[in-house]
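First residue of the sequence shown? That's 141 in this note's numbering, and the numbers climb one at a time after it.
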Amino acid sequence: TVGKKIGQGLRLSDILAQTRSVAEGVRTAKSVYDLSRQLGVEMPISQGTYRVLYEELPPREALHQLMTRDLRPELDDD
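Printed below as a string of structure tokens:
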């Protein structure tokens with residue numbers, strides 16, 4: 141799978157070049173990231189996923205960033 145190969149240190153472009161089947165979720169990860177930016181919605185898990193796939197952020201670093209970020213309420217009380 142794409143996730144397993146990313147975890148092994150392969151680049152997304154190389155994985156996709158070798159894959160005959162649809163890499164489910166790869167394009168969706170980009171769409172979700174783009175939409176969250178357009179709407180100004182903070183989505184740290186989606187952002188981390190995007191950065192791992194498209195910016196070659198090491199998965200361990202993405203996890204570290206998620207686990208050490210400041211806690212915030214899920215909903216604003218506006």
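In this text, a Cβ means the ideal position worked out from N, Cα and C, and glycines have one as well.
* Helix or strand or just coil, what does DSSP make of residue 165? -> Position 25 of the sequence shown, counted from the first residue, corresponds to residue 165. Residue 165 falls in the coil class under three-state DSSP.
* To do: Name the two residues that bound the continuous alpha helix (DSSP H) containing residue 199.
  => In the sequence shown, residue 199 corresponds to position 59, counting from 1. 199-208 is the extent of the alpha helix (DSSP H) around residue 199.
* To do: Can you give me the Cβ contacts of residue 185 inside the same chain, cut-off strictly under 8 Å, excluding the 5 residues immediately before and after it?
  => Your numbering for residue 185 matches position 45 in the sequence shown. Around residue 185: 206.
* Among 142, 173, 180 and 148, which one has its Cα closest to the Cα of residue 162? -> To locate residue 162, count along the sequence shown from 1; it is residue 22. The residue with the shortest Cα to Cα distance from residue 162 is 142.
* Determine the contact status of residue 151 and residue 196, defining contact as a CB-CB distance below 8 Å. => One-based indexing of the sequence shown puts residue 151 at position 11. One-based indexing of the sequence shown puts residue 196 at position 56. Taking 8 Å as the Cβ cut-off, residue 151 and residue 196 qualify as a contacting pair.
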